[in-house]
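Undergrad:
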Amino acid sequence: MRTTESALEMPTVVRTLRLMGRTLRLRCPHCGEGRVLAGYDTVRHRCSGCGFRFTRSDDHYFSGAMFFGILLGETLAVLGILAAIWITYPNVPWTGIQFGAPVVMLGVMILLFPASRVIWLAIDVLLRPVQPSELVTDQG
Ligand SMILES: [Zn+2]
């Protein structure tokens with residue numbers, strides 16, 4: 036069932052904090068009980084707690100998660116590079132940073148790939164709250 040036409044809603048601070056906590060634990064953004072991931076690259080079909088269908092639209096629903104994976108990976112890598120420069124200043128190993136930074140960036144993005152899907156789902160649920168029709172526990 037396609038639900039992406041459901042209305043957008045302005046998130047409250049309390050709701051945002053609650054969803055951030057559930058996202059950090061990689062749990063269902065709707066109820067906080069069921070796990071979203073079944074493995075490194077597998078998202079469960081439904082929440083075991085509330086029956087929420089995680090793929091809210093078509094099979095390409097999680098394509099948008101790439102944006103958050105890249106954003107998070109790049110941010111952490113840049114912070115790591117800045118920390119390395121700060122710690123080793125004034126004898127900064129520029130050659131090591133030049134060749135190590137791309138490796139670290141790629142590694143962080145691969146490591147955070149599963150979390151990026153949960154972040155994507157949580158932001159979608161934050162802005163477009165779950166509708167009762169999404170909680171039906173059919174086999175569809
Ligand atoms: Zn749930």
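Per my numbering: the sequence shown = residues 36 to 175. Even glycine gets a Cβ: it sits at the ideal position worked out from N, Cα and C. Treat the numbers as computed from the prediction; the structure is a model and nothing was measured.
(1) Quick one, which of Thr51, Val49, Ile116 and Asp76 has its alpha-carbon nearest alanine 100's?
(2) Please return the same chain residues whose Cβ sits closer than 8 angstroms to the Cβ of arginine 50, not counting the five positions on each side in sequence.
(3) To the nearest angstrom, how far is the alpha carbon of histidine 95 from that of serine 151?
(4) Check each candidate in Ser83, Gly74 and Val78 and name the one with the smallest Cα separation from glycine 67.
(5) When DSSP labels each residue in this structure, what does glycine 69 get in the three-state scheme?
(6) Using three-state DSSP, classify valine 49 as helix, strand or coil.
(7) Is histidine 80 a contact residue of ligand 1, with contact defined as CB to any heavy atom under 6 angstroms?
TA: Looking at the coordinates:
(1) Working through the sequence shown from its first residue, we reach residue 100 at position 65. Of the listed residues, the one whose Cα sits closest to alanine 100 is Asp76.
(2) If you number the sequence shown from 1, residue 50 lands on position 15. Excluding positions up to five away in sequence, the list reads Leu161.
(3) Position 60 of the sequence shown holds residue 95. Position 116 of the sequence shown holds residue 151. For histidine 95 and serine 151, the distance between alpha carbons rounds to 14 angstroms.
(4) Within the sequence shown, the letter at position 32 stands for residue 67. Of Ser83, Gly74 and Val78, the residue nearest in Cα terms is Ser83.
(5) Within the sequence shown, residue 69 is the residue found at index 34, counting from 1. Three-state result, glycine 69: coil.
(6) As a position in the sequence shown, residue 49 is number 14, starting the count at 1. Residue state, collapsed to three classes: helix.
(7) Walking along the sequence shown from the start, residue 80 turns up at place 45. Not so, every heavy atom of ligand 1 lies at least 6 angstroms from the Cβ.
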